[in-house]
Amino acid sequence: MTSPVRARAVAAALLITGVVGAVPAVPAQAGTAAAERTTTAAEPPALPQVTGGCVGESPTVADTAPWALRRMLPSAVWPLTRGRGVVVAVIDTGVSAGATALRGAVRRGTDVVGSGAADRDCYGRGTALAGIVAARPVTGSAFVGVAPEATILPIRIVDGKGKVAPGAIAAGIRAATAAKADVVLLGVGTSAPDAELRAAIREAVTRDVVLVASVSDDTRPAGTTQKPAPWYPAAHPDVLAVGGIDAKGVPTEKSPAEAGVDLLAPASDAVSVAPRGDGHYAVAGPAVAAAYVAGAAALIRAHYPKLSQADVRRRLELTAEHPLGSWPAPSVGYGTLDLYHAVAALELGRTPVPSQPQVLRPLPTADPGEPTTLIAGSVAAGMVGLAGLAYLSAMTVKWGRRRRWRP
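So the sequence shown is residues -22 to -1, 1 to 385, counted in mature numbering (1 follows the signal peptide of the UniProt record, and there is no 0).
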């Protein structure tokens, strides 16, 4: 029998690490279409957190690229790869195959808490995450996914009441592994892991699957001396743990040092696709950050198909915009995702690590009014830094011990 404490911990996963609206929730009903489509520069409304019915269409189409896309600038690496041939499993509420920007991109998937396929999404969370990973370009929209030719494999682990039952996360990972996913994105978690979850992670890693998961916020009362419980799957040393930053580069979560953050990525004031129609919703949270990293992992796997899952994680970590001082550092890990260098850097060599490691410079923030100039400048700046990356592959930091995890 599941203990009440454990049940609450698992049920709270959606609240803590899920995609949440940037403004108060707005009710929505199943199949509700907007009376009038907005195609101006108006900001998309928040993704509704429904308690009855399903999320409907958004009345707003984003015609200005969100800051996260302008900072990450995935278009700079699209001449190299767009993620074709890579399967990204999104373990969450399902993914709507009917979303305009995801048509043709979504497999039927698996519903581990019910029966049948998972290519429908009542809550819109999984669809929003999938959109950040692999939304296709749509005429009239400025939003597009990081890897717009990757394939999405939806795995539903959230039941009809919006809860994640004990064992569902492990079952979701196993389903994704069995379906031969290349990358697995987890926007939910639990503070009460069990042997089944650890075994599912080990099986996925053995089968060369890249696991990306969001960390949790530090919800302890101020001044408490009690150490926070690790948040899984992110706390597992074989999982890439991702926290968020805002447009100024400031972490959006008060992630404790024990969380073992590996990378940071955009998480606030983000935008993604609605589960129906061609509109967009505003979303935020560490799961959003994890989606950006999962998209980057998909690009790497497409461009370097012979790299192992460990090599992909190491490449993401060592090409990040590193924090000042030593790294990985508590609460920020290796720093912020540098999408361009993660994909476009030269093959990492075997040169010994110098005594003074290079700190990679961040990509410039885009000016939406000068896209051509920005892309050219970013590529040029990236090429200047490529030669200095050859030494990085020799650096392997045993970060698992910082997470205080033991199998």
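Glycine included, C-beta positions come from ideal geometry on N, C-alpha and C.
Computed from a predicted structure; not experimentally measured.
Nearest C-alpha to Leu296 among Ala320, Pro283 and Ala219: Ala320. For His258, the uninterrupted beta strand (DSSP E) segment begins and ends at His258 to Val261. Taking 8 Å as the cut-off, the beta carbon of Gly104 is found closer than this to the beta carbon of Val73.
Nearest neighbour of Ala67 by Cα position, chosen from Ala146, Ala149, Gly34 and Val162, turns out to be Val162. Annotation: Val239 to Ala219 spans about 5 Å, alpha carbon to alpha carbon.
Boundaries of the alpha helix (DSSP H) harbouring Gly150: Ala146 to Ala156, taken from the DSSP string.
Annotation: Cys100 to Arg114 spans about 21 Å, alpha carbon to alpha carbon. For the pair Ala148 and Gly257, the Cα-to-Cα distance works out to about 33 Å. Comparing alpha-carbon positions, the option among Ala248, Pro253 and Thr184 lying closest to Gly76 turns out to be Pro253.
Annotated three-state conformation of Ser250 is strand, per DSSP. By the Cβ criterion, the region 37 to 51 is not in contact with the region 80 to 87, since fewer than three pairs of Cβ atoms, one from each stretch, lie closer than 8 Å. Taking all protein chains in view, the Cβ of Ser119 is crowded by 16 or more other Cβ atoms within 10 Å, so the residue is classified as buried.
In this model, Ser246 and Ala108 are separated by some 17 Å (Cα to Cα). Judged by their CB atoms, Ser192 and Ala268 are nearer to each other than the 8 Å cut-off. The beta carbon of Val64 sits closer than 6 Å to the beta carbons of Ala128, Asp160, Ala276, Arg279 and Ala280 from its chain, once the five residues preceding and following it are set aside; these are given in chain order.
With distances taken between CA atoms, Phe121 lies nearest to Asp41 out of Arg176, Pro306 and Asp41. Straight through space, the alpha carbons of Arg185 and Thr155 are spaced by roughly 7 Å.
In terms of Cβ geometry, Ile130 and Val90 do not form a close pair [threshold 8 Å]. Counting other Cβ atoms within 10 Å of its Cβ, Leu302 stays below 16 and is therefore classed as exposed.
The Cβ atoms of Leu164 and Ile223 do not sit closer than 8 Å to each other.
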